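Take 1 as the starting number for the sequence shown in UniProt numbering and just add one per residue. In this text, a Cβ means the ideal position worked out from N, Cα and C, and glycines have one as well. If you're wondering where the values come from, they're calculated on a predicted model, not measured in any experiment.
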Amino acid sequence: MGSLMLVALAGAAVTYSGPTPIGDPLTWISWADYPSAALNAAKEGRTEIEISVDPTGHAARCRTVTSSGVTILDQMACAAFARRGKWEPTLDMAGKPIFAIYRQRVSWRLGNGQREAAITPPDMEVEVAKLPVPAADAKVVVRQIQRSDGSQETCDVVKPSPSAALNRAAYTVGAQLTATEPIGDAAGQLVRGARWRTIEFVEKGATPPSK
């Protein structure tokens with residue numbers, strides 16, 4: 001069998017905005033975490049997980065957002081990051097620690113060890129007639145604080161584009177985005193917390209940099 005390559009993509013290759021990790025997320029998973037059953041069966045895939053980080057900066061729960069197609073790989077991705085992950089507490093506008101969502105991609109690969117392209121996929125694409133800045137600068141990240149029922153409480157631009165017009169548009173779009181999933185604590189109770197969303201503006205007919 002070829003050499004084993006296990007890549008935690010949110011560190012070196014895919015970077016999502018979210019709560020700040022303490023340490024390097026690439027150290028939170030390693031080749032030793034590759035489940036032996038999946039290894040022996042030469043199972044590969046890519047898992048995207050979503051971790052609910054509690055107000056103290058610890059993982060409260062984890063769910064699979066996009067499955068690798070191999071249940072045991074998805075389960076191990078959650079287990080490794082929930083067990084080893086630690087984050088700085090996320091504060092609301094009043095300075096109070098709250099829950100927050102951390103997203104991570106893990107690529108389970110057997111073979112020559114080639115890494116995937118460093119691309120951060122947007123949560124939403126907005127088509128415009130003409131961009132006021134280069135396409136690479138046409139992304140805006142907003143942070144939403146959502147209530148326990150998943151409805152939105154506030155929306156703020158946290159990583160702006162050089163274009164003030166795109167920032168204003170992202171704020172408007174972000175304020176209308178609803179949560180894909182309410183945030184839960186370790187007991188499964190719904191809680192108030194923060195999510196980050198990346199909005200990418202694309203010229204009509206053009207291929208965005210994230211493709």
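Excluding five sequence positions before and after L91, the CB atoms of its chain that fall closer than 8 Å to its own CB belong to P97 and I98, given in chain order. Cα atoms of P19 and E181: separation of roughly 17 Å, rounded to the nearest angstrom.
Between V158 and N40, the alpha-carbon positions lie close to 44 Å from each other. Note that the C-beta distance between M76 and P35 is below 8 Å.
Between A60 and D54, the alpha-carbon positions lie close to 6 Å from each other.
Between the region 124-135 and the region 149-168 there are three or more inter-stretch CB-CB distances shorter than 8 Å, so the stretches are counted as touching. A residue is called buried when at least 16 other Cβ atoms come within 10 angstroms of its Cβ; D74 meets this threshold and is buried. Per DSSP, the unbroken alpha helix (DSSP H) holding S36 starts and ends at S36 to N40.
Fully contained in the region 158-208 are the following beta strand (DSSP E) runs of length 3 or more, in chain order: 193-203. When only Cα atoms are considered, E153 and A194 end up about 10 Å apart. Distance between I199 and S151, taken at the CA atoms: about 19 Å. In the DSSP assignment, F81 forms no beta bridge with any residue. Collapsing the DSSP output to three states places A136 in a helix. For S68, no beta strand (DSSP E) encloses it, and the DSSP letter there is neither H nor E.
The alpha carbon of D137 has as its nearest neighbour, out of E203, T56 and S30, the alpha carbon of E203. Secondary structure at L26: helix, using DSSP grouped into helix, strand and coil.
With contacts defined as CB atoms closer than 8 Å, S107 and R46 qualify as a contacting pair. Q176 and R105 have their alpha carbons spaced roughly 26 Å apart. The beta-carbon distance between M124 and V65, rounded to whole angstroms, is 15 Å. This is too long to meet the 8 Å contact definition. For the 8 Å CB-CB criterion, A100 and I29 do not form a contact. As DSSP reads the structure, Q144 sits in a beta bridge with C155 and R195.
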